[in-house]
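Protein chains in written order, with the UniProt record's numbering: chain P, 1 to 238; chain R, 1 to 191.
Please read the structure below before turning to the comments.
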Amino acid sequence: MTLGSHDYTHRQPGTVWTVEWTDALCWRRLICAMLLVLSEQHKGHLSFLSSVDPEVVAEFGRIALDFLRRGTSPKIYEAAARKLGASVEQVQRAVEGLMFLVLESCRHTLSETDFLDSILVLGFSQELNNNLLQLYLQQSAQVRPLLAQLTPTLPNYHSLEWRLDVNMSSRTLRQQLCPVMTLCLLLNKGGAGGGAGGSERRLLQARPATLLHLLSALEGALDTLKSSHTRRILRNIK
Amino acid sequence: MFSVDWVLAEISTLAKLSSVKMKLLCAQVLKDLLGEGIDYDKVTKLTADAKFESGDIKASVAVLSFILSNAAKHDVDCESLSSELQQLGLPKEHTTGLCKSYEDKHSVLRERLKEMSLRLGRLEGVSWRVDYTLSSSELRNISEPCVQLKLQVQGAESGASETTVVSVSAEKFRVLLCELKQAQNLMNSLQ
């Protein structure tokens, strides 16, 4: 996803870590507070927001959310610029800057205090800060699922069709009795830019012995879910 | 046969319908299983009396389609189906209605399930042409017949139609024909 001509990609969020040691055998629990570090360019773009009314900020927020879903058109910016008496470029940069702010906050799931602390550096009025906070809270619920869809995924399992045949004879050998299992694996091809990818069919053939081995290997894989090692990890991820 | 938890849960939803409405719902679900499409407006009207929400409607359609398709898959006869459903808690009138619909469409359903089974690349069409080669750039006088075969196959992995054109000389074609006739005799002996 590109944001006009401005490079919003190279900046590191600042993190403050506190470490809590529990049992030596358990995982360390890391509690971190994150603050966004906004680049000078970003701050410049967002400073336009301080010169407009709060309703306009809310409107910009709505445009920014639509941008994530559907992309945007210059007409919207032109209309806004005309109403506010500012240049189209300023409006566009302000909207994109706002959208990037919301996006980064959602990506790191900033709490309210962290978000407020991050935008303190912009030097906005208290009212504007609160408006931005409300915007962030409203939109975070919708933005996170959208972001989740943008990750690249491997093809994943959709369904399996099978057929059991018996090979009675062939051109080269008559009078045989050879059971053969034909499997059709239907996969959902996920790609970057998610949504419903295409589907893929993979055809496989297997003898019953191979199939039994496959079944036992898969059951072994499922059994590892119940092992104590896995359970310890799952407990600590929560 | 039905050892799935959600089937047990949804059978109680089905029991909320009157038996007449359930028989009509069965008819709709059978139409869907036979590939004729389901009329969701009719289904909504049928379930409106029992005040089904959209989740309940989907659940009852799903459980009926599961029961009917599994019964056809394992070729269950009517009495076993009826006794098993009653054991799961479906009232008697509903069970008899369901079994009657199942029995009516039993063979048609099995035919349809057979068609839907996995097949690797079906042969869609064959067309042929016999040519007589007079001469070519390599040899002046050839004077030999050859067969052009066009095979239209549904691709195994892609599912799209693939066309293969081969030209077969007379001797090769005789061998091919002989082998195919042997295969046909084998198939006939098995039927």
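Just so it is clear, CB atoms sit at the ideal spot from N, CA and C, and this is done for glycine as well.
Computed from a predicted structure; not experimentally measured.
Taking DSSP as the reference, what is the three-state secondary structure of M187/R?
Stepping through the second sequence from its first residue, residue 187/R is reached at position 187. M187/R: helix per DSSP, three-state reduction.
To the nearest angstrom, report how far apart T172/P and T13/R are at their CA atoms.
Indexing the first sequence from 1 puts residue 172/P at position 172. Indexing the second sequence from 1 puts residue 13/R at position 13. Put simply, the backbone Cα of T172/P is about 58 Å away from that of T13/R.
Three-state secondary structure (DSSP) at L120/R?
By 1-based counting over the second sequence, the position of residue 120/R is 120. Correct three-state label for L120/R: coil.
Whole angstroms is fine: what's the gap from G198/P's alpha carbon to K189/P's?
In the first sequence, the residue the question calls residue 198/P occupies position 198. In the first sequence, the residue the question calls residue 189/P occupies position 189. Rounded to whole angstroms, G198/P to K189/P spans 5 Å at the Cα level.
Is C32/P close to chain R? Criterion is C-beta to C-beta, closer than 8 Å.
Translated into the one-based positions of the first sequence, residue 32/P becomes position 32. Residue placement at C32/P cannot be trusted, given a pLDDT of 45 that sits under 50; what the coordinates show is reported in the next sentence. For C32/P, the nearest beta carbon of chain R is not closer than 8 Å to its own beta carbon.
I want to verify the contact list: residues of chain P whose CB lies under 9 Å from the CB of S117/R, in sequence order.
In the second sequence, the residue the question calls residue 117/R occupies position 117. Neighbours of S117/R in chain P, taken as residues at a C-beta separation under 9 Å, are given in chain order as E161 and R163.
State the start and end residues of the unbroken alpha helix (DSSP H) segment that holds E127/P.
Here residue 127/P refers to the residue found at position 127 of the first sequence. DSSP places E127/P in the uninterrupted alpha helix (DSSP H) bounded by Q126 to Q149.
Give the DSSP bridge partners of C184/P, in chain order.
One-based indexing of the first sequence puts residue 184/P at position 184. Paired residues: E161/P and L203/P.
Enumerate in chain order the residues of its own chain whose CB-to-CB distance from R231/P is below 7 Å, with the five nearest sequence positions on each side excluded.
Residue 231/P sits at position 231 when you count from the first residue of the first sequence. Excluding positions up to five away in sequence, the list is empty.
Can you pull the chain R neighbours of M168/P, defined as C-beta to C-beta under 8 Å?
Here residue 168/P refers to the residue found at position 168 of the first sequence. In chain order: L186 and L190.
Buried or exposed: where does T104/R fall if 16 or more other Cβ atoms within 10 Å of its Cβ makes it buried?
Here the question's residue 104/R lines up with position 104 in the second sequence. Note on residue identity: the sequence assigns Asp, not Thr, to residue 104/R. The residue in question, D104/R, is exposed, as its Cβ has fewer than 16 Cβ neighbours within 10 Å.
Can the beta-carbon of A58/P be found less than 8 Å from the beta-carbon of V95/P?
Locating residue 58/P in the first sequence gives position 58, counting from the first residue. Locating residue 95/P in the first sequence gives position 95, counting from the first residue. Cβ distance not < 8 Å, so A58/P and V95/P don't count as in contact.
Measuring straight from C-alpha to C-alpha, what distance separates E84/R and G35/R?
Position 84 of the second sequence, counting from 1, holds the residue named residue 84/R. Position 35 of the second sequence, counting from 1, holds the residue named residue 35/R. Taking the straight line joining both Cα atoms gives about 27 Å.
Rounded separation between L68/R and L30/R - CA only:
Residue mapping note: residue 68/R aligns to position 68 of the second sequence, counting from 1. Residue mapping note: residue 30/R aligns to position 30 of the second sequence, counting from 1. Rounded to the nearest whole angstrom, the C-alpha separation of L68/R and L30/R is 8 Å.
CB of T164/R within 8 Å of CB of C146/R, strictly
Working through the second sequence from its first residue, we reach residue 164/R at position 164. Working through the second sequence from its first residue, we reach residue 146/R at position 146. The answer is no: Cβ separation not under 8 Å.
Express the C-alpha separation of E162/R and E200/P in angstroms, rounding to a whole number.
The residue given as residue 200/P occupies position 200 in the first sequence. The residue given as residue 162/R occupies position 162 in the second sequence. When rounded, the separation of the alpha-carbon atoms in E200/P and E162/R is 17 Å.
Which full runs of the alpha helix (DSSP H) of 4+ residues lie inside the region 53-93 of chain P, going along the chain?
Every alpha helix (DSSP H) stretch that sits fully inside the region 53-93 of chain P and reaches 4 residues is listed by chain position as 54-70 and 74-84.
Please say whether M181/P and L206/P have beta carbons closer to each other than 8 Å?
As a working note, residue 206/P is residue 206 in the first sequence. As a working note, residue 181/P is residue 181 in the first sequence. Correcting the residue type first, residue 206/P is Ala in the shown sequence and not Leu. M181/P sits close to A206/P, with the two beta carbons spaced by under 8 Å.
Out of K45/R, S60/R and K172/R, point me to the one whose CA is closest to A9/R's CA.
In the second sequence, residue 9/R corresponds to position 9, counting from 1. Relative to the Cα of A9/R, the nearest Cα in the group K45/R, S60/R and K172/R belongs to S60/R.
Going along chain P, which residues have a C-beta under 7 Å from A156/R?
Against the second sequence, residue 156/R aligns to sequence position 156. The contacting residues are L203.
With 7 Å as the limit, tell me which residues of the region 116-135 of chain R have their beta carbon closer than that to any beta carbon of chain P; keep them in chain order.
Residues S117, L118 and L120.
Are there 16 or more other CB atoms within 10 angstroms of the CB of V63/R, so buried, or fewer, so exposed?
Taking the second sequence and counting its residues from 1, the one referred to as residue 63/R is at position 63. V63/R counts as buried, since at least 16 other C-beta atoms from the protein chains shown sit within 10 angstroms of its C-beta.
With DSSP run on the structure shown, which of helix, strand or coil describes residue 266/P?
In the structure as shown, chain P starts at 1 and stops at 238, and residue 266/P therefore has no counterpart that could be examined.
DSSP has residue 198/R in a bridge; who is on the other side?
The structure shown does not extend to residue 198/R, since chain R is modelled only from 1 to 191, so the question has no answer here.
Can you pull the DSSP bridge partners for Q148/R?
As a position in the second sequence, residue 148/R is number 148, starting the count at 1. R129/R and S167/R.
Run of the alpha helix (DSSP H) containing V20/R, from where it starts to where it stops:
Taking the second sequence and counting its residues from 1, one reaches residue 20/R at position 20. That run of the alpha helix (DSSP H) goes S19 to L33.
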